[in-house]
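Enquirer:
Residue numbers (the UniProt record's numbering): 1 to 635.
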């Protein structure tokens with residue numbers, strides 16, 4: 001581990017030299033005055049005084065270097081039976097034309113544009129087109145509830161809204177226009193105009209004029225009437241986008257991403273973490289509504305000159321559990337990135353991996369997982385199935401790229417199942433106790449990052465410096481609070497056990513729900529699981545397990561429960577006081593795949609709760625409530 005350790009240590013000791021060298025790989029309109037401005041407030045800024053354009057570096061730079069015919073983007077949509085391929089030249093031309101239409105709608109540098117689109121090429125084009133003219137985009141997951149769309153419109157106050165007539169799920173079509181109409185009616189701020197991309201599966205009725213004071217126009221007509229525009233240089237410290245964190249209520253937290261540090265860090269990550277180079281096919285099976293989609297569907301791969309895949313489908317059901325393996329085989333994917341929940345869904349439907357055996361995966365070199373903690377059983381299953389590295393790594397919406405990972409492009413580290421490996425360059429990760437003192441090796445505490453944060457991490461929240469400082473910088477002065485709990489081992493590997501609020505206190509013993517989940521997930525009949533801490537008048541809290549069984553498992557619930565309870569007792573000990581399990585058909589999750597543990601706790605404890613805006617299927621909470629009632633909880 002010596003080679004990576006040297007690079008990592010240098011990034012902490014000489015951050016300005018390290019990141020200045022990384023920045024040389026990009027085109028700059030004007031070089032920076034300061035690589036790192038530690039005097040900036042509310043947090044340090046990278047490449048102050050520099051000017052560049054992110055779209056130029058993602059598209060035009062490659063065309064000008066003679067790579068215009070290289071594949072840039074593959075659109076694969078099993079829900080519509082459509083595939084399209086775009087070269088770098090074709091994508092640049094489409095983006096330049098769309099940028100002209102956005103500018104014609106009155107959008108200029110610094111103006112905001114809300115993008116509310118399904119997983120179609122136009123979603124990536126819209127992001128890049130905004131970047132091209134210096135506008136700030138804010139992507140809202142397509143099909144998001146109208147009220148949540150309205151709160152984001154009010155917070156960032158966009159000049160323009162870009163949307164589509166519908167989104168397409170495996171068994172239904174989601175009509176976007178009524179959702180947009182309701183959001184515009186609810187929002188106090190009204191965008192000047194809205195462009196709608198008509199999809200043949202369900203076109204929207206567009207009457208001439210305005211809806212709720214907003215001019216509504218046809219996307220294709222507006223683009224056809226526009227003239228292409230060139231890239232506009234912007235300050236490296238100017239915002240590229242605003243991305244709202246999932247699950248927020250009231251005024252949402254808008255994570256701000258800058259142009260300069262973001263481009264430098266993401267470009268560095270592609271070769272050094274993921275081991276992909278220009279011309280390689282990289283697929284992040286996510287959505288542009290989430291940070292993974294921003295960083296590794298759109299910006300990261302294109303900055304690196306790779307071919308990226310936009311997939312409009314699911315891991316199962318479009319049409320079967322072999323969907324991911326088909327995409328990898330057909331398009332020659334070298335590295336794939338998805339969430340553990342997607343792999344668990346495939347494992348649940350096809351535990352023996354029969355669908356995988358149908359496809360040629362010889363060009364796949366690695367699978368990366370992130371978005372939630374990956375249990376060792378899921379990691380092991382994927383490793384055995386694919387017979388190639390499966391790499392868990394850890395990062396957040398706020399950071400924009402990996403805090404901890406396995407740097408395959410520098411030095412592949414030994415995989416420790418359950419750990420996202422070691423901190424990446426620029427991240428000085430510490431584990432602190434409640435008093436702010438560093439915890440010893442193996443002891444759990446708050447996982448924090450010593451300031452300054454590396455490039456691409458959020459410098460603040462949109463129009464809310466005070467909330468940024470309060471949420472992230474106050475609990476441990478001089479550190480960024482990740483909100484995750486865990487520990488470091490003797491080799492410097494990080495172990496992310498749970499969110500800080502998922503550490504439960506059982507009769508004075510601090511226990512990680514993630515540790516108990518590991519034990520449950522290792523049972524051969526369990527496809528996935530969640531553990532929550534529920535109120536107990538005697539012990540304060542008790543762990544409760546909710547498990548989903550693998551397809552085809554049929555056995556007595558009492559017998560299974562006894563096995564799971566004994567497993568926890570054997571592997572963690574009686575201190576866990578684990579005695580209750582509920583078998584459910586599914587777990588409630590956000591659309592990004594995160595399990596809604598906090599909501600389930602409130603249901604179990606009989607507290608008031610609201611339907612999470614990001615929930616994938618609200619109906620599943622009724623089943624959860626019924627299961628909890630059967631166990632005697634208040635609900």
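Just so it is clear, CB atoms sit at the ideal spot from N, CA and C, and this is done for glycine as well.
Quantities reported herein were computed from a predicted structural model and do not represent experimental measurements.
Residue range of the alpha helix (DSSP H) that residue 627 falls in?
Expert: Looking up residue 627 in the chain shown gives position 627. First-last of the alpha helix (DSSP H) with residue 627: 620-630.
Enquirer: Any idea what DSSP makes of residue 119, helix, strand or coil?
Expert: On the chain shown, position 119 is the one that residue 119 refers to. In the structure shown, residue 119 sits in coil (DSSP, three-state: anything other than H, G, I, E or B).
Enquirer: Within a Cβ cutoff of 6 Å, which residues of the same chain sit near residue 389, ignoring the five residues on either side of it in sequence?
Expert: Looking up residue 389 in the chain shown gives position 389. Within the same chain, residue 389 has close Cβ partners 366.
Enquirer: Which same chain residues, not among the five before or five after residue 633, have their C-beta less than 6 Å away from its C-beta?
Expert: Position 633 of the chain shown, counted from the start, is the residue given in the question as residue 633. Contacts found: 604.
Enquirer: Evaluate the contact criterion for the stretch 199-207 versus the stretch 109-116: three or more CB pairs, one atom per stretch, below 8 Å.
Expert: no
Enquirer: For a minimum of 3 consecutive residues, which ranges assigned as the beta strand (DSSP E) are wholly contained in the stretch 394-460?
Expert: 429-432, 445-450
Enquirer: Of all the options 92, 176, 275, which has the alpha carbon lying nearest to the alpha carbon of residue 149?
Expert: Here residue 149 is taken as the residue at index 149 of the chain shown, counted from 1. In this structure, 176 is the residue among 92, 176, 275 with its C-alpha nearest to the C-alpha of residue 149.
Enquirer: Looking at residue 621 and residue 588, is the spacing between their C-beta atoms short of 8 Å?
Expert: Translated into the one-based positions of the chain shown, residue 588 becomes position 588. Translated into the one-based positions of the chain shown, residue 621 becomes position 621. Contact: yes.
Enquirer: For the structure I just gave you, are there three or more beta carbon pairs, one from the stretch 431-441 and one from the stretch 18-30, closer than 8 Å?
Expert: no
Enquirer: With DSSP as the reference, please indicate the residues paired to residue 473 in a beta bridge.
Expert: Here the question's residue 473 lines up with position 473 in the chain shown. Beta-bridge partners of residue 473 (DSSP): none assigned.
Enquirer: Hey, could you find the ends of the beta strand (DSSP E) residue 138 is sitting in?
Expert: On the chain shown, residue 138 is found 138 positions in, with the first residue counted as 1. Element bounds for residue 138: 136-139.
Enquirer: Are the Cβ atoms of residue 421 and residue 413 separated by less than 8 Å?
Expert: Translated into the one-based positions of the chain shown, residue 421 becomes position 421. Translated into the one-based positions of the chain shown, residue 413 becomes position 413. The answer is yes: Cβ separation under 8 Å.
Enquirer: Under the DSSP definition of a beta bridge, which residues are partnered with residue 674?
Expert: No information on residue 674 is available, as it lies outside the stretch 1 to 635 that the chain covers here.
Enquirer: Quick check on residue 293: buried or exposed, where buried means 16 or more other Cβ atoms within 10 Å of its Cβ?
Expert: The sequence position of residue 293 within the chain shown is 293, counting from 1. It counts as buried.
Enquirer: So is residue 189 buried or exposed if we call it buried at 16+ other beta carbons inside 10 Å?
Expert: On the chain shown, position 189 is the one that residue 189 refers to. Classification for residue 189: exposed.
Enquirer: Could you tell me which of 487, 181, 428, 163 sits nearest to residue 479, measuring between CA atoms?
Expert: The count along the chain shown starts at 1 and reaches residue 479 at position 479. Selected option, being the one with the closest Cα: 428.
Enquirer: Could you name the residues of the same chain whose beta carbon sits closer than 7 Å to that of residue 527, not counting the 5 residues immediately before and after it, in chain order?
Expert: Counted from its first residue, the chain shown places residue 527 at position 527. Result list for residue 527: 344, 347, 348, 548, 549, 550, in chain order.
Enquirer: Counting only C-beta atoms, is residue 214 closer than 8 Å to chain B at any point?
Expert: Absence of chain B from the displayed structure is noted, only one protein chain being present.
Enquirer: What is the residue span of the beta strand (DSSP E) that residue 545 lies within?
Expert: On the chain shown, position 545 is the one that residue 545 refers to. Start and end: 540-549.
Enquirer: On the DSSP bridge assignment, give the partners of residue 76 in chain order.
Expert: Stepping through the chain shown from its first residue, residue 76 is reached at position 76. DSSP lists 83, 311 as partners of residue 76.
Enquirer: Using a threshold of 8 Å, state whether the C-beta atoms of residue 182 and residue 146 are closer than that.
Expert: Numbered from 1 along the chain shown, position 182 holds the residue referred to as residue 182. Numbered from 1 along the chain shown, position 146 holds the residue referred to as residue 146. In contact: residue 182 and residue 146 (Cβ atoms closer than 8 Å).
Enquirer: Answer with buried or exposed for residue 579, where buried requires no fewer than 16 other C-beta atoms within 10 angstroms of its C-beta.
Expert: Here residue 579 refers to the residue found at position 579 of the chain shown. Classification of residue 579: exposed, given that the 10 Å Cβ count is below 16.
Enquirer: Helix, strand or coil for residue 203 per DSSP?
Expert: One-based indexing of the chain shown puts residue 203 at position 203. Looking at residue 203 - three-state DSSP - the assignment turns out to be coil, as it is neither helix nor strand.
Enquirer: I need the DSSP call for residue 268, collapsed to helix, strand or coil.
Expert: On the chain shown, position 268 is the one that residue 268 refers to. DSSP places residue 268 in helix when its eight states are reduced to three.
Enquirer: Counting only runs of 3+ residues fully inside the UniProt domain "AMP-binding enzyme C-terminal" (515-594), write out the beta strand (DSSP E) ranges in chain order.
Expert: 526-536, 540-549, 580-583
Enquirer: In this structure, what does DSSP give as the bridge partners for residue 217?
Expert: Translated into positions along the chain shown, residue 217 becomes position 217. Its beta-bridge partners are 195.
Enquirer: Under the three-state reduction of DSSP, which class applies to residue 70: helix, strand or coil?
Expert: Locating residue 70 in the chain shown gives position 70, where the first residue counts as 1. Here residue 70 sits in coil by DSSP.
Enquirer: Where does residue 144 sit, in a helix, a strand or coil, going by DSSP?
Expert: One-based indexing of the chain shown puts residue 144 at position 144. Looking at residue 144 - three-state DSSP - the assignment turns out to be coil, as it is neither helix nor strand.
Enquirer: Roughly how many angstroms separate the alpha carbons of residue 58 and residue 134, rounded to a whole number?
Expert: The sequence position of residue 58 within the chain shown is 58, counting from 1. The sequence position of residue 134 within the chain shown is 134, counting from 1. Using only the alpha carbons, I get a separation of about 14 Å.
Enquirer: Please report the straight-line C-alpha distance between residue 223 and residue 211, rounded to a whole angstrom.
Expert: Within the chain shown, the letter at position 223 stands for residue 223. Within the chain shown, the letter at position 211 stands for residue 211. Spanning the two alpha carbons is a distance of roughly 21 Å.
Enquirer: Looking only at C-alpha atoms, which of 340, 556, 16, 568 sits nearest to residue 583?
Expert: Counting from 1 along the chain shown, the entry for residue 583 is found at position 583. Cα-wise, what sits closest to residue 583 is 556.
Enquirer: Please report how far the alpha carbon of residue 663 lies from the alpha carbon of residue 430, in whole angstroms.
Expert: Residue 663 lies beyond the stretch modelled for the chain, which goes from 1 to 635, so this question has no answer here.
Enquirer: Report the three-state DSSP secondary structure of residue 248 (helix, strand or coil).
Expert: For the purposes of this step, residue 248 is taken as residue 248 along the chain shown, with counting starting at 1. Caution is warranted here: a pLDDT of 35 is assigned to residue 248, below 50, making its placement in the model unreliable, and the coordinate value is therefore given only provisionally. Coil at residue 248, not helix or strand.
Enquirer: In three-state terms, what does DSSP make of residue 615?
Expert: For this step, residue 615 is matched to residue 615 along the chain shown. Strand, per DSSP.
Enquirer: Any contact of the stretch 329-345 with the stretch 282-298, i.e. 3+ C-beta pairs under 8 Å?
Expert: Touching, yes.
Enquirer: Could you work out which residue in 270, 314, 231, 610 is closest to residue 56 when comparing CA atoms only?
Expert: Here residue 56 refers to the residue found at position 56 when the chain shown is read from its first residue. When each option's Cα is compared against that of residue 56, the closest is 231.
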